[in-house]
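Quick notes on the structure that follows.
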Amino acid sequence: MARTRANDYDQKRRGILGRSAKLFAEHGYTGTSITMIAEACGVSKALMYHYYRSKDAVLFDLLADHLQHLVGVVEAAAQSEGDAGERLFAISAALLEAYRGADAEHQVQISSLKLLPPEQQEQLKALERKLVALMSDAISAAIPAAAARPHLLKPLTMSLFGMLNWHYLWFREGKGLSRETYAKMVTTLMVAGAEQAMDAITDDDTRPERTAARKKNERPAVARRA
């Protein structure tokens, strides 16, 4: 007979995921065992298997929960009142707030998603692509010049994500800029400077074969001799 779920099953599952995230971030995914997770959660290995049958299952659920939460936060912020620039700020500020307390999950997403089986990776990457699409749409609305040059829209989008996603390494709570202030700074940089940045890029800069050839010619003489 299948074991029935306890009333606090979901609460305990979230606790397992939270402790697992910290272990994966500290020891790496490959350096963390189910036994270590069970000990950190104060349960037996047998009870651990009642929640998760494998370490892959823990990692997948951890990242799926994290990414689904981020998508929900961004979708809600994208519906906020105000003009397009204010919505872009709202999305950025909401993302940074969603990252609060999730440094371990964010680090594990960067380092360990690629270690999952391909079909699970694809499900998680679909959530990542949805986040990128939501941000890209917000940038297009706030910066019409970016919408007119779609081949540069993705680099702009990923640049904004880069400024937001690495916030956890640069700032500590109670020191420096607040999350809201930092979100205001990076979105203002994006809106105020994107058009000038795009104008600085020529058509040749966006052609991979010409860019590669130019870089080869620009390599130092020592490198060419090697």
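Under the working numbering, the first residue of the sequence shown carries the number 114, and numbering increases by one thereafter.
Every residue gets a Cβ at the ideal spot worked out from N, C-alpha and C, and that includes glycine.
**OP:** Return yes when the Cβ of residue 298 is within less than 8 Å of the Cβ of residue 274, no when it is not.
**Re:** no
**OP:** Give the single residue among 142, 257, 302 and 293 whose Cα lies nearest to the Cα of residue 175.
**Re:** 142
Subject >> Rounded C-alpha distance that separates residue 168 from residue 161 >> reply: 10 Å
**OP:** State whether the stretch 304 to 312 contacts the stretch 222 to 232, with contact taken as three or more CB pairs (one from each stretch) at a distance under 8 Å.
**Re:** no
Original post:
Apart from the five residues just before and just after residue 293, which ones in its own chain have a Cβ nearer than 6 Å to its Cβ?
Top reply: 206
Original post:
From this set, 236, 126, 240 and 235, which residue's C-alpha is nearest residue 163's C-alpha?
Top reply: 126
**OP:** Can you give me the Cβ contacts of residue 303 inside the same chain, cut-off strictly under 6 Å, excluding the 5 residues immediately before and after it?
**Re:** 273
Subject >> Beta-carbon spacing of residue 197, residue 254 below 8 Å >> reply: yes
Original post:
In chain order, what residues of the same chain lie with their CB nearer than 7 Å to the CB of residue 281, ignoring the 5 residues before and after it?
Top reply: 212, 216 and 219
Original post:
If we ignore side chains and look at the alpha-carbon of each, how far apart do residue 270 and residue 278 end up?
Top reply: 12 Å
**OP:** Kindly indicate which residue of 200, 285 and 239 has the alpha-carbon position closest to the one of residue 190.
**Re:** 200
Original post:
Anyone know if the C-beta pair for residue 296 and residue 202 falls short of 8 Å?
Top reply: yes
Original post:
Per DSSP, what kind of secondary structure is residue 272 in: helix, strand or coil?
Top reply: helix
Subject >> Three-way DSSP call (helix, strand, coil) for residue 192 in this model >> reply: coil
Subject >> Alpha-carbon spacing of residue 128 relative to residue 204, whole angstroms >> reply: 27 Å
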